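One structure is given here, and the rest of the page talks about it.
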Amino acid sequence: MSFTLLHYSDPHFGASDSRIASAAVRQALTLDPDATVVSGDFSMRGRRREFLAARIWLEELPGSPIVFPGNHDVPAFNNLWERFTAPFQNYRKHLSEEEEPQAELGTLGKIVTVNSCTPFGWHRDWSRGFLSPMQGTHIANSFEGLPPEKLRILGMHHPLLASGEKKRALVSPLPLISNMLQDNQVDLVLAGHFHQSKVGVFPMDNAKRPLVVSQAPSICSTRLKGEPNGFHFLHLSPDEITIEAWQWDGHHFRETSSTRFLKKDEGWQSET
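Quick note: UniProt numbering has the sequence shown finishing at residue 272, numbered continuously throughout.
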């Protein structure tokens, strides 16, 4: 029997559709997953009232959702002082005290999360994601001792795979992150950010051991990027991962596609 995981992302309270947000709660209760992950961007401008709305919504979801911040979960540009000095203060105070939680997933394996957000930097696009060598050490330490037959899942807000016509940068530095994932034998990465559904393997070539990627669309934001709101629903076992993509049709969430991945000696492969 597989372990089920509900993957929501980018609710953006402050720029969300309350009807769809409520429908997402009802859908989660119907699906009754073994675990729920929400991969960042709970707020629009990092405001207290946005986090409080997100917290109420999270409390209505089944179980105790695993959450970590996105780039919108820091103060916006009208509050640069707090963005520079205490970027995750409101997130930690009003939503979750942990920025990089981790959890055992029953007998299946373990999920480790990292905060990929950079509140400021020398680059022009402060929404970009970045992981440091120190976070690579954190990933290694967190998975250390986990038996090889257990599933290793990494959660972060920023994506590994380009989506559609997107020109924005992926999480960086990609070569370093690729090595982190390979060295720690990560099986599955959960991400968001683009507000577009993407399911696939990383890396795309055969140079290294491929892993599975679930990049979920926005669950209830009004800031759509060419496709409806939606989410991913995953069926997980040590050697098989199936990812269902669901979309909002104006009245309900409906499953629109399903992709199955099998674990081979050379890594994860999509079954065609």
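Cβ atoms here follow ideal geometry from the backbone N, Cα and C, with glycine treated the same way.
The structure presented is a predicted model; accordingly, all values stated were derived computationally and were not measured.
Here DSSP, grouped into helix, strand and coil, assigns I20 to helix. Taking the Cβ atoms as the reference, V189 lies roughly 5 Å from L154, within the contact range of under 8 Å. The C-beta distance from V25 to L52 rounds to 16 Å, too long to meet the 8 Å contact threshold.
DSSP, read as helix, strand or coil, puts T222 in coil. In summary, P65 is buried, with 16 or more beta-carbon neighbours lying within 10 Å of its beta-carbon over all protein chains present. The beta carbons of F231 and L58 sit about 14 Å from each other, so the pair does not count as a contact at 8 Å. In terms of Cβ geometry, H94 and R55 form a close pair [threshold 8 Å]. If you look at Q135, you'll find it in the alpha helix (DSSP H) that goes P133 to F143. Secondary structure at H72: helix, using DSSP grouped into helix, strand and coil. Under the three-state reduction of DSSP output, E240 falls in the strand class. Bridge partners of L52 according to DSSP: none are assigned. Per the coordinates, the alpha-carbon of P75 lies some 6 Å from the alpha-carbon of R45. Distance check between H235 and each of T113, I243 and S132 places I243 closest, using alpha-carbon atoms only. Inter-segment contact for the segment 216-229 and the segment 7-14 is present: three or more beta-carbon pairs are separated by less than 8 Å. If you draw a 10 Å sphere on the C-beta of G63, you find fewer than 16 other C-beta atoms in it, and that means exposed.
Sequence-distant partners of V212 (beyond 5 residues in either direction) whose C-beta falls short of 7 Å from its own C-beta, in its chain, are D187, L188, V201, I241, F261 and W268. Going by DSSP, S258 is part of no alpha helix (DSSP H) but of the beta strand (DSSP E) stretching over F253 to K264.
Here D73 is not near D32, since their CB atoms are 8 Å or more apart.
According to the DSSP secondary-structure assignment, T118 is paired through a beta bridge with no residue. CA-to-CA, the gap between N90 and D265 works out to about 45 Å. Straight-line measurement puts the Cα of N115 at about 16 Å from the Cα of A169.
For H94, the enclosing alpha helix (DSSP H) has its first and last residue at Q89 to H94. Rounded to whole angstroms, the separation of the alpha carbons of K208 and S258 is 25 Å. The continuous stretches of alpha helix (DSSP H) do not include L161, and DSSP gives it neither H nor E.
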